[in-house]
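Position 81 of the sequence shown, counting from 1, maps to 81 under the numbering used here, and the rest follow consecutively.
Where is the CB? At the ideal position from N, CA and C, for every residue including glycine.
Note sheet for the following structure.
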Amino acid sequence: NARIINIGSEAHKRAAKHGAGLDLAYAWTADSDYGGLKSYGQSKLANVLFTQELQRRVNEAKFKWTVVVVHPGIVATDAGRYLFSNPIIQNFFNRFLAFAAYVAILRTVAIGATTQIWLAGTKDNDGNIEPGAYYRNYKVQKLADFATSQISAELLWEESEQRSGVVFSLP
């Protein structure tokens, strides 16, 4: 049995702050209203929706695959390298406070990977893994309606296939 573990983020919730959820027009063109955090939120929502759509498709094909998405926490990776170049955090005092807050909440890479490792290693017959679910700290998290929209998931899948020229099909 295959297990696919996608990496998501609580940042997917930002998509609700900028509208009603997935904004495909923004995802592909984002010309005038581009924002780094907005884009990150949209990309993480896409991870959540992709996971659910892939699980739906493998279920339909009667494959014994489990697809999940996990929020590892705020991990000390290079992803935050541009955080302190934000115009809002320009003076020294603000940079110092922002850096102190950032360091205080960071997880090490090893700790950030624990839920993924647990998901990868847990046996299917244990009944501990819920296919298509969103995990944080070893537990399934309830998602808002905009993050469980099958319509959005299907549109994302179809548009991704169209734009990439790659059609994913299961026998």
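Would Asn137 pass as a contact of Thr115 if the rule is Cβ separation under 8 Å?
Position 137 of the sequence shown holds residue 137. Position 115 of the sequence shown holds residue 115. For Asn137 and Thr115, yes; Cβs fall inside 8 Å.
Just confirm the distance between the C-beta atoms of Ile129 and Val166, as a whole number of angstroms; I'd bet it's less than 8 Å.
Within the sequence shown, residue 129 is the residue found at index 129, counting from 1. Within the sequence shown, residue 166 is the residue found at index 166, counting from 1. About 28 Å separates the two Cβ atoms, so there is no contact after all.
Do the region 3-16 and the region 40-48 make contact, defined as three or more Cβ pairs closer than 8 Å?
yes
Excluding five sequence neighbours on each side, which residues of the same chain lie with their C-beta closer than 8 Å to the C-beta of Tyr134?
Start at 1 with the first residue of the sequence shown, and residue 134 comes out as number 134. Within the same chain, Tyr134 has close Cβ partners Gly8, Val48, Thr51, Val68, Val69, Val70, His71, Val140, Gln141, Leu143 and Ala147.
Simplified DSSP assignment, three categories, for Tyr34:
On the sequence shown, residue 34 is found 34 positions in, with the first residue counted as 1. It is coil, neither helix nor strand.
Trp65 versus Asn1 - alpha carbon distance:
Counting from one through the sequence shown, the residue named residue 65 turns up at place 65. Counting from one through the sequence shown, the residue named residue 1 turns up at place 1. Using only the alpha carbons, I get a separation of about 6 Å.
Based on Cα-Cα distance, which residue from Leu37, Leu54, Trp28 and Glu60 lies nearest to Gln162?
Position 162 of the sequence shown, counted from the first residue, corresponds to residue 162. If we check each option's Cα against that of Gln162, Trp28 comes out closest.
Let me know the alpha helix (DSSP H) ranges lying completely inside the region 130-168, each 4 residues or longer, listed in chain order.
Annotation: the region 130-168 contains the following complete segments of the alpha helix (DSSP H) (minimum length 4 residues), in chain order: 150-164.
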